[in-house]
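Report on the structure given below.
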Amino acid sequence: MLVEKENLTIRYLEEADKNLLVKWLSDPAVLEFYEGRDNPFDTEKVKKEFYSPDEDVKKCIVEYKGTPVGYIQYYQVTPETSIINHYDEDETIYGIDQFIGELAYWNKGIGTLLVCSMVDYLVEERKADRVIMDPHVTNHRALRCYEKCGFKKVKLLPKHEFHEGAYRDCWLMAYMK
Numbered sequence: 001m002l003v004e005k006e007n008l009t010i011r012y013l014e015e016a017d018k019n020l021l022v023k024w025l026s027d028p029a030v031l032e033f034y035e036g037r038d039n040p041f042d043t044e045k046v047k048k049e050f051y052s053p054d055e056d057v058k059k060c061i062v063e064y065k066g067t068p069v070g071y072i073q074y075y076q077v078t079p080e081t082s083i084i085n086h087y088d089e090d091e092t093i094y095g096i097d098q099f100i101g102e103l104a105y106w107n108k109g110i111g112t113l114l115v116c117s118m119v120d121y122l123v124e125e126r127k128a129d130r131v132i133m134d135p136h137v138t139n140h141r142a143l144r145c146y147e148k149c150g151f152k153k154v155k156l157l158p159k160h161e162f163h164e165g166a167y168r169d170c171w172l173m174a175y176m177k
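Residue numbers (the UniProt record's numbering): 1 to 177.
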């Protein structure tokens with residue numbers, strides 16, 4: 001287990017989780033803000049995107065009371081990959097991306113518990129000085145969740161992500177310890 005807090009567990013992705021990802025990433029409600037409804041995942045796409053060797057991105061499953069409910073990944077940001085202006089090379093910065101895939105667990109505070117728990121892990125165990133993410137400006141539920149966890153909107157990223165046939169604006173959000 002990577003993180004255990006209250007009823008939440010974050011563990012590394014396993015081969016047996018493949019069908020969960022296919023289920024979640026073929027659901028239009030999940031895809032609305034994660035990858036796009038015009039971009040559903042099948043087994044082959046999940047294998048390619050989530051099970052290809054990538055030492056830099058740590059992929060995890062989120063469980064709530066023992067039930068898999070979502071996904072989170074984290075990665076160390078480098079000067080070459082950073083979307084932050086004036087990157088300070090002395091800082092340790094991590095990026096995170098996540099979703100709750102089980103719709104029955106939406107709007108129950110689990111996303112907030114997840115994000116806050118991952119931030120705590122990254123700050124305490126990985127010595128992160130800053131944690132960043134780049135949600136769509138229209139993902140109001142996620143924005144509220146991230147703000148509850150101490151993230152601040154740092155910069156508007158115009159036409160930052162190609163999503164559902166158009167370039168979408170995102171916020172660069174940061175948690176700073």
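Think of the CB as a built atom: it goes at the ideal place given N, C-alpha and C, for glycine as much as any other residue.
Because the structure is a prediction, the values reported are computed rather than measured.
Let me know the secondary structure DSSP gives residue i once reduced to three states.
| i | result |
| --- | --- |
| Thr9 | strand |
| Val131 | strand |
| Asp88 | coil |
| Trp106 | coil |
| Glu4 | strand |
| Asp169 | strand |
| Val137 | coil |
By Cβ distance, which residues of its chain are closer than 7 Å to residue i, with the 5 residues on each side in sequence left out?
| i | result |
| --- | --- |
| Phe50 | Leu13, Leu21 and Lys59 |
| Lys152 | Met173 and Ala174 |
| residue 179 | The requested residue 179 does not occur in the structure, where the chain is confined to residues 1 to 177. |
| residue 180 | For the chain, the structure presents residues 1 to 177; residue 180 sits outside this window and is missing. |
| Lys127 | Thr92 |
| Val77 | Ile93, Tyr94, Gly95 and Ile132 |
| Tyr34 | Phe99 |
Among the options, which one has its Cα closest to the Cα of residue i?
| i | options | result |
| --- | --- | --- |
| Lys18 | Leu103, Ile61, Arg168 and Lys108 | Ile61 |
| Glu147 | Tyr71, Pro158, Val131 and Phe162 | Val131 |
| Lys65 | Lys155, Lys23 and Leu114 | Leu114 |
| Gly150 | Leu157, Val137 and Ser117 | Ser117 |
| Asp120 | Met176, Val137 and His160 | Met176 |
| His160 | Arg144, Ala142, Cys145 and Thr138 | Thr138 |
| Arg11 | Leu31, Ile72 and Glu125 | Ile72 |
Can you find the residues in the same chain that come closer than 6 Å, C-beta to C-beta, to residue i, ignoring five residues on each side of it along the sequence?
| i | result |
| --- | --- |
| Lys45 | none |
| Tyr75 | Asp56, Val57 and Gly95 |
| Asp169 | Val137 and Pro158 |
| Lys5 | Ser117 |
| Ala142 | Pro135 |
| Trp24 | Val30 and Gly101 |
Taking 8 Å as the threshold (beta carbon to beta carbon), is residue i in contact with chain B?
| i | result |
| --- | --- |
| Asp56 | As a matter of chain content, chain B is missing from the structure shown, which is built from one protein chain. |
Leaving aside the five residues before and after residue i along the sequence, list all residues of the same chain whose C-beta is less than 8 Å from its C-beta, in chain order.
| i | result |
| --- | --- |
| Ile91 | Correcting the residue identity first, residue 91 is Glu in this sequence and not Ile. Around Glu91: Asp129 and Arg130. |
| Leu8 | Val62, Glu63, Tyr64, Ile110, Leu113, Leu114 and Ser117 |
| Tyr15 | The identity of residue 15 in the sequence shown is Glu, whereas the question assumes Tyr. Closer than 8 Å at Cβ, skipping near neighbours: Tyr51. |
Discussion item. My parser needs the alpha helix (DSSP H) runs of 4 or more residues fully inside the segment 40 to 77; what are they?
Written reply: Within the segment 40 to 77, the complete alpha helix (DSSP H) runs of at least 4 residues are 43 to 50.
Practice prompt. Say whether the segment 98 to 109 touches the segment 37 to 47, bearing in mind that this needs 3 or more beta-carbon pairs closer than 8 Å, one atom from each stretch.
Written response: Too few Cβ pairs lie closer than 8 Å, so no.
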